[in-house]
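Okay, so here's the structure we're looking at.
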Ligand code: SF4
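In the UniProt record's numbering, the protein residues as written are 1 to 512.
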């Protein structure tokens, strides 16, 4: 239908107009009305039952709404945290469009990455020519300081050898021989975006540090944030390290890339870890990873090839942040400043204020392994009781670590950890054993609509709410943000359940 350009109607109002409502009605009658409303209702109710849950959990050959992304998304995310770096994906264009839009929709920021646009001929003869041409065009057109190459499923299925292809491209004169082109094979039929992050991080660090190892350390500590999509977190990390006067390098810092100022000028590669700092990282005192399951290969590489100690520290909640700061203090000999002690007191005070609303509340959560461990640990500190914990891309090591945390708390006894399950499984869990709230990314909004269980948006991606990614979730200040999101979701729900005048509003309190 033509719109009046002087008065564009938002699609929410547009689709309520009679032309559309009639069109949808006809479409339903002619193409979608295969079953009666009563039959649709009957089946819908059945999908909420224990009988259906058992069938759903017996499912083996099908995934419905996976709670994970594919490897190249993580590889691109890792690459974009380095100065002037252009991710180059050897594979099909459609995949790369998905990776870019996924990140763009989360951050509401541009996300630059190129594809070698492999099609049928490349699938038959291999993608070498695509690589040779692609690297040349990328280098000349987008003028990066580094090109980081990863693959899609297609390139992996046909067996493209990235190392040999990049050498061939350099020999063919596509790019200068000394131009940095690290790479990582990222087949998406194994692992997930966290595996891709790890592969690319190892690929970049091993490439840049080649031949740079010295006898003396440079006194710095490296920090690897992992697949952490809260831009506030790297800034919070830098602030805490600044307060402690610790000399550091953040390995892959995409906070400025994904949160650049609007000053009227487009900058293709804002911010990022300087390449010379990343190259020098092999001479640091130690490396601290803020996530374990996004960095296993990278940490192993650092320990064996750089001969450097690594540690995993997750600065979430009171306990996690205490451990983080005390360990850094031990490692560096620097005291924890009073400013951070005061912040700790503020978080404890905020938790005390909200404790009564969260204590004893049952919750479910899905997400990546490290995020789950961090958020569950924090909620256990508040006395909330996990019931369903679903981690599509978690492994037995993760399960063991999380189980120990649950066993250690009086509030963790009822929790079941589900590995390798998807959001359709999660739906069955919520219907058969409901909880007071659940935690997840934007894909959970369909579960919220179906089950009416309040949802707290934490994780990646968050497409349907603005600015959450700008906040921090780490440190004592990040703890207050997490607390805010959880307790105010509970209070919103309380208001919704007590708002009928003269019926339920005896508890519709002004002061909570
Ligand atoms: S799973 Fe494979 S085919 Fe699908 S988007 Fe990821 S790389 Fe492409």
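Where is the CB? At the ideal position from N, CA and C, for every residue including glycine.
With a threshold of 7 Å (Cβ to nearest heavy atom), would residue i be considered close to the ligand SF4?
i, result
"residue 150", "no"
"residue 115", "no"
"residue 98", "yes"
"residue 188", "yes"
"residue 282", "no"
"residue 144", "no"
"residue 72", "yes"
"residue 111", "no"
"residue 153", "yes"
"residue 391", "no"
Anyone know if the C-beta pair for residue i and residue j falls short of 8 Å?
i, j, result
"residue 220", "residue 279", "no"
"residue 74", "residue 185", "no"
"residue 290", "residue 226", "yes"
"residue 379", "residue 398", "no"
"residue 454", "residue 501", "no"
"residue 79", "residue 250", "no"
"residue 271", "residue 257", "yes"
"residue 180", "residue 207", "yes"
"residue 82", "residue 103", "no"
"residue 510", "residue 351", "no"
"residue 437", "residue 456", "yes"
"residue 358", "residue 487", "yes"
"residue 421", "residue 392", "yes"
"residue 423", "residue 443", "yes"
"residue 132", "residue 169", "yes"
"residue 127", "residue 160", "yes"
"residue 520", "residue 222", "Residue numbering for the chain in the displayed model covers 1 to 512; residue 520 lies beyond these limits and cannot be assessed."
"residue 471", "residue 106", "no"
"residue 269", "residue 85", "yes"
"residue 512", "residue 491", "yes"
"residue 360", "residue 394", "no"
"residue 92", "residue 47", "no"
"residue 475", "residue 229", "no"
"residue 212", "residue 301", "no"
To the nearest angstrom, how far is the alpha carbon of residue i from that of residue j?
i, j, result
"residue 254", "residue 504", "48 Å"
"residue 493", "residue 386", "19 Å"
"residue 458", "residue 439", "6 Å"
"residue 473", "residue 233", "6 Å"
"residue 426", "residue 150", "32 Å"
"residue 338", "residue 479", "18 Å"
"residue 155", "residue 7", "47 Å"
"residue 413", "residue 406", "7 Å"
"residue 324", "residue 376", "17 Å"
"residue 71", "residue 138", "22 Å"
"residue 306", "residue 209", "9 Å"
"residue 97", "residue 114", "9 Å"
"residue 496", "residue 118", "52 Å"
"residue 264", "residue 17", "38 Å"
"residue 514", "residue 174", "Residue 514 lies beyond the range of the chain shown here (1 to 512); nothing can be said about it."
"residue 297", "residue 347", "35 Å"
"residue 572", "residue 281", "This structure gives no information on residue 572, because the portion of the chain shown stretches from 1 to 512."
"residue 40", "residue 109", "41 Å"
"residue 318", "residue 328", "15 Å"
"residue 331", "residue 310", "11 Å"
"residue 21", "residue 14", "10 Å"
"residue 32", "residue 45", "19 Å"
"residue 216", "residue 247", "16 Å"
"residue 292", "residue 144", "30 Å"
"residue 244", "residue 55", "54 Å"
Just curious, the beta strand (DSSP E) that residue i is in, first and last residue?
i, result
"residue 286", "286 to 289"
"residue 385", "385 to 391"
"residue 311", "309 to 312"
"residue 150", "146 to 151"
"residue 355", "Residue 355 -> not in any beta strand (DSSP E); alpha helix (DSSP H) instead, spanning 338 to 358."
"residue 80", "Segment: none, residue 80 is in no beta strand (DSSP E) and carries neither H nor E."
Following the continuous alpha helix (DSSP H) through residue i, name the residue where it begins and the one where it ends.
i, result
"residue 425", "423 to 432"
"residue 373", "369 to 381"
"residue 137", "128 to 142"
"residue 125", "120 to 125"
"residue 50", "50 to 57"
"residue 510", "Run containing residue 510: none; DSSP gives neither H nor E here."
Assuming residue i and residue j are in contact, meaning their beta carbons sit under 8 Å apart, how far apart are those beta carbons, in whole angstroms?
i, j, result
"residue 123", "residue 390", "So it is not a contact: roughly 35 Å between Cβ atoms."
"residue 112", "residue 90", "No, residue 112 and residue 90 are not in contact; Cβ-Cβ is about 16 Å, not under 8 Å."
"residue 176", "residue 148", "With a Cβ gap of about 16 Å, residue 176 and residue 148 do not count as contacting."
Does any heavy atom of the ligand MN sit closer than 7 Å to the C-beta of residue i?
i, result
"residue 138", "Ligands in the displayed structure: the ligand SF4; the ligand MN is not one of them."
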